[in-house]
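Contents: one structure, followed by commentary.
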Amino acid sequence: MDYHATLQEIRKRCRIAMNGEASAGMRKYGLVYKLNFGLMISQIKEIASRYNPDAELATLLWEQDTRELKILATMLLPINEFTDELASKWTLDIPNQEMREQIAINLLQQLPNAEKLSLEWAQSENESLRATAYWLLGRLLLTGKLNSFDKLNGLPHIWSDTLGEDVVLRNSALVCFKQIGRRNPVLGESILAEISNFQTGNETLRKEVHDNLAFEFAYFAE
Numbered sequence: 087m088d089y090h091a092t093l094q095e096i097r098k099r100c101r102i103a104m105n106g107e108a109s110a111g112m113r114k115y116g117l118v119y120k121l122n123f124g125l126m127i128s129q130i131k132e133i134a135s136r137y138n139p140d141a142e143l144a145t146l147l148w149e150q151d152t153r154e155l156k157i158l159a160t161m162l163l164p165i166n167e168f169t170d171e172l173a174s175k176w177t178l179d180i181p182n183q184e185m186r187e188q189i190a191i192n193l194l195q196q197l198p199n200a201e202k203l204s205l206e207w208a209q210s211e212n213e214s215l216r217a218t219a220y221w222l223l224g225r226l227l228l229t230g231k232l233n234s235f236d237k238l239n240g241l242p243h244i245w246s247d248t249l250g251e252d253v254v255l256r257n258s259a260l261v262c263f264k265q266i267g268r269r270n271p272v273l274g275e276s277i278l279a280e281i282s283n284f285q286t287g288n289e290t291l292r293k294e295v296h297d298n299l300a301f302e303f304a305y306f307a308e
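Each residue of the sequence shown is one higher than the one before, counting from 87 in our numbering.
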């Protein structure tokens, strides 16, 4: 395969389907790339369906600073070639939450050792890795790939991350907590007990976190 010719062919398909208004809107909300064609995920999937999974092509696509090409990379990389080393490398390269979701859905959650990787990343000092770890754990629980989770001690930063300044990291930690509590009501009670002091005092964020989780666990307990 002439990979660079295929790359140009894919670019052309994206350009033909380009939605300038959607692209501008995405840029406004922080999805900043050198090039963004504004395609919907369904359109990107249709383009991906025209090509066979190929690691070299996927790697070339991932290296481009183009939204659609990076997403295509997550759809075209053969899962058996997505090594732990490559998973860590690509995860460190994640530029925003949309890409975090795509790499988790299309690749990370398919790995047999996805839980192990998420626990390793959850202990990292790198906030982007931790955000991916929390979001991945939430996905594994949501999809039933992980039936329950009782290793809160494996998430040493999650308590402080629920109150962090980074909105993406904070929301990822909350998603993780919610899915853990849904699957394990006893652990949900432990989580609420741990943050019980969040409901007192004048700090709005702390109270919001407590009330958010308390409502979530009460709703799914009914």
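Where is the CB? At the ideal position from N, CA and C, for every residue including glycine.
- Taking a contact as a CB-CB distance under 8 Å, the pair N199 and S234 does not count as one, their CB atoms being some 18 Å apart.
- Exclusion of the five residues before and after Q129 leaves A103 as the residues of its chain whose Cβ lies within less than 7 Å of its Cβ.
- By the Cβ-count criterion, L178 is exposed, with fewer than 16 other Cβ atoms from all chains shown falling within 10 Å of its own Cβ.
- Selection N212, F284 and I127 evaluated against I189 yields I127 as nearest (Cα-Cα).
- As the crow flies, the alpha-carbon of C100 is around 11 Å from that of L158.
- Non-local C-beta neighbours of E167 in its own chain, meaning closer than 6 Å and more than five positions away in sequence, comprise A141, ordered along the chain.
- Per DSSP, G124 lies in no alpha helix (DSSP H) segment and is marked neither H nor E.
- Burial state of F123 is buried, judged by a 10 Å Cβ sphere holding 16 or more other Cβ atoms.
- In this structure, the alpha-carbon of L241 lies about 11 Å from that of L223.
- Scanning its chain for C-beta atoms nearer than 6 Å, with the 5 sequence neighbours on each side dropped, one finds around Q265 the residues G224, L227 and L228, in chain order.
- Beta bridge pairing from DSSP links T218 with no other residue.
- Put simply, of A208, H296, E149 and E171 the residue whose alpha carbon is nearest the alpha carbon of L278 is H296.
- In the structure shown, the three-state DSSP call for T177 is helix.
- Listed in chain order, the non-local C-beta contacts of G274 below 6 Å within the same chain comprise G267 and F303, local neighbours out to five positions each way being set aside.
- Going by C-alpha positions, Q195 is about 17 Å away from S214.
- The beta carbon of Y220 is closer than 6 Å to those of S258, A259 and C262 in its chain, skipping five residues each way along the sequence.
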